[in-house]
Each structure stands twice: as structure tokens, then as C-alpha cells.
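Colleague: Numbering (the numbering used here), first residue to last: 60 to 451. Idealized CB from N, CA, C, for every residue including glycine. This structure is a prediction, so every number in the text was calculated from the model and none was measured. Below is the structure I would like to discuss, written out as C-alpha cells.
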């Protein structure tokens, strides 16, 4: 990537005609959970570097994005603060970064503004400050309400704290509150998983994300599995728990709109993630953040020190990028849109791929309505395999 972060003219020329999102990566965590392989750091891993160094650099990158995308860039449709733990920063700091995006680009009418939050870093006053600043959605990382499951995941909050945080967010005026759950933790029984689902149903949330535990290489959990200290999650057990989640959440008024996500209403769906899945444009702010602009994908230097140093020197923090071919973009469209409940237009498929659709339907993995291929419940369990078998 050029030192000034510039993009090819033909890439920038297409910016005004497509929705634009911003992702802001906050790389700080109070502790590192044993299963996590995200680009996050505790204070002891960044000696001598303050959160203020990161915040100043992030503001400079927002200004850089404004110069690169130009005056014709559209107002921002969605903003998502993730991490890490964004709520380790003061609410006023998050509000300041949102304000910088608003001042440079403007926010579209009805823009969605989300922050992830760990339950132990927030209270009602914090949520009230975010709501006043223009945030519209809270995504809480609760994972489980069962103490021994939280212990294996190395989550430091109590089960009650996650539920209380959801209530505080609603009391602060957030109409859209999401809870993240993880199923398949070693030692988690079916009744443990049901206990978490039932707890969620008792909270004022309109969105649930449920993810199977993945043992990522390089994590403490992977090391524990290798040593035989905890068992590897069982695929059949994961499938059973997914089916439990589908039955329970649907029964409590939350409809599945993407393989791992359920919402009470269309307005409760995460528009930011839908923009990812539908191939919109987004700029990622922060260390290791990825961006996509009209088929150009690029990513920032991963370590916070390197990220800050580049911006301090007046250079773009982008480490590298790639131009996606038309075929690359088509394949990604198949992979991502097939995960959505609305399915995939058959017009995207090649003739030989369309010939395979009948087999997907015959195997009970999909159905076709109005020239769109949609996964069945069984197909959702095998979504990656369906995509692999469908593509040329």
C-alpha cells in the first residue's frame, strides 16, 4: 500500500454509489480469555503505551480515510466498535471517535451505531452516556450464565453481571441490545446450555448471536486440549446444541436471519454485519483492522505500536492490500450470502453450479423460492460443505 494510503482512482470513483460502514478496532482487554485469538492486548503486553496513544492515532486514521475516500463519499450507514473491549475506554472517548466520523463523513439518517461491551466494564451511567452520544445498539459478550463454563472460558464477569448489563442498556434507552453466547465449551452439558438460553429469554434483548466454540491454534485452550486437560468439542454435540438454540430462540420470537444470528424483528438485525455479508464498503480503523472498498481489500499493521508509529510519522498504517478479481468477488458472494435466511440469487451461479442446486435440494440442504437458494435447518449445520460442493 502507498505511504499516503491512496487507492486506485477506479476504486475511489465507485465510493459514492455504495453504502459505507466504519469498523473501529479497540485492541485492549483487561485479561486475555483462554479461547481468544483476536488481535487484543492487556496492559502488561503494551508497557509504556497508553490508550491515549491509540486514540490519537485512530483519529488520524479517520482523517486519512476522509482524504482517501474524498468529498463525494456517502454518509456513513453503520459504525461498529469492536475489539478487544471497546468499553475499557471511557464513554466520552468512544463518543469522540464517533464524533470524528460524523464530522468528516456525516451519518446517514437512521444510522446504526454499535459497540461491543464486556459486562464487567459497564454500568447504567456508561450506557446513558453512549446513548446520549448517538450510539443505537449494544452487543454484550456474555457467553454463558453457568459459572463452571465461564471458568473454562476464563471469563472474569459473574453470570449475573451479563444479565444486569442487558437490563442497564435497555433502561438507558437502547432499543437494540444483543447478547453473544458460546456453546460447546468443554464440560458444558445440554442443561447448562439450556440454562443460558433461558436466561437470555428473560432479558430485554432483541438479538442473540450463538457461536460454537472453536479451538484456535496458539490459544491457551488449544494447549489445554493438546495436553489432554480438556476434551476437544465434539461435532455432534455442537450440532445438537445449535438445534437446541434454533428451537428455543425461535419459540421465543427470535428468527434466524444468518446462520449464527437471531433477531426479534428486521430492525433488530445487525445492519453492520449485513453490510459485510452483502459486500458493501467499509473502512477498518485500528491495529490489524481490515477494509474493503469496491473490490480492493487492505489491512493495517497488526501491533498497536507499529500502527501508532506509522500514523505518528504521517504515513498510512495499511500494511498490504489486494485487488479482488470479479471471480473472487463472486465466490465470496456465494459464501456469504448463502448464510443469510434470504438466500442467494441463482443468477450469481455459473451454469454448472446451477446444475448442482437440484442435488442440494434433494439432499434436504436447501430449497429454492423465487429463483433464490436458501439453506434449510440441516443445510445451516453443513453450510461450509454446501458452499464447497456447490462451487466449481
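1) If I measure Cβ to Cβ from residue 163 and keep anything under 8 Å in the same chain, skipping five residues before and after, which residues do I get?
2) Would you mind sorting residue 265 into buried or exposed? The rule is 16 or more other CB atoms within 10 Å of its CB.
3) Taking C-beta to C-beta, are residue 196 and residue 173 nearer than 8 Å?
4) In chain order, what residues of the same chain lie with their CB nearer than 8 Å to the CB of residue 296, ignoring the 5 residues before and after it?
5) Rounded to the nearest angstrom, how far is the Cβ of residue 78 from that of residue 340, given a contact under 8 Å?
6) Just confirm the distance between the C-beta atoms of residue 430 and residue 405, as a whole number of angstroms; I'd bet it's less than 8 Å.
7) Could you work out which residue in 399, 201, 349 is closest to residue 377 when comparing CA atoms only?
8) Check the C-beta distance from residue 435 over to residue 424 and give it rounded, since I have them as a contact under 8 Å.
9) Using DSSP with H/G/I as helix, E/B as strand and the rest coil, what is residue 156?
10) If residue 363 and residue 105 are in contact, beta carbons under 8 Å, what's the gap, nearest whole angstrom?
11) Do you know offhand how far residue 336's Cα is from residue 352's?
12) How long is the line joining the alpha carbons of residue 278 and residue 188, rounded to whole angstroms?
13) Taking C-beta to C-beta, are residue 432 and residue 419 nearer than 8 Å?
14) For residue 194 versus residue 135, is the C-beta distance shorter than 8 Å?
15) Let's test the definition: count the other Cβ atoms within 10 Å of the Cβ of residue 146 and tell me whether it reaches 16, buried, or not, exposed.
16) In chain order, which beta strand (DSSP E) runs of at least 3 residues are fully inside the stretch 123-190?
17) Output yes or no for whether 8 Å exceeds the beta carbon distance between residue 179 and residue 202.
18) Could you work out which residue in 412, 65, 270, 331 is closest to residue 319 when comparing CA atoms only?
19) Just the Cα atoms here: how many angstroms apart are residue 381 and residue 355?
20) By a C-beta neighbour count over all protein chains shown, 10 Å radius and 16 as the cutoff for buried, is residue 324 buried or exposed?
21) Which value, in whole angstroms, describes the spacing of the CA atoms of residue 118 and residue 360?
22) Kindly identify the DSSP beta-bridge partner or partners of residue 196.
23) So if DSSP puts residue 241 in a beta bridge, which residue, or which two residues, is it bridged to?
24) Can you tell me where the beta strand (DSSP E) with residue 431 in it begins and where it stops?
25) Give me, in chain order, the residues of the same chain whose beta-carbon lies closer than 7 Å to that of residue 374; leave out the 5 immediate sequence neighbours on both sides.
26) Report, in whole angstroms, the separation of the C-beta atoms of residue 175 and residue 200, which I expect to be a contact under 8 Å.
27) Identify every run of the alpha helix (DSSP H) within the stretch 329-410, keeping only runs that are complete inside it and at least 4 residues long; order them along the chain.
28) Give the range of the alpha helix (DSSP H) segment to which residue 222 is assigned.
29) Give the single residue among 414, 379, 390, 321 whose Cα lies nearest to the Cα of residue 443.
30) Let's test the definition: count the other Cβ atoms within 10 Å of the Cβ of residue 221 and tell me whether it reaches 16, buried, or not, exposed.
31) Would you identify the three-state DSSP class for residue 261, choosing helix, strand or coil?
Modeller: Concretely, from the data shown:
1) 121, 122, 124, 125
2) buried
3) yes
4) 243
5) 7 Å
6) 5 Å
7) 349
8) 6 Å
9) helix
10) 6 Å
11) 14 Å
12) 35 Å
13) yes
14) no
15) buried
16) 135-142, 166-176
17) no
18) 270
19) 6 Å
20) exposed
21) 16 Å
22) 173, 235
23) 270
24) 431-434
25) 62
26) 6 Å
27) 330-336, 363-371, 385-396
28) 218-230
29) 390
30) buried
31) coil
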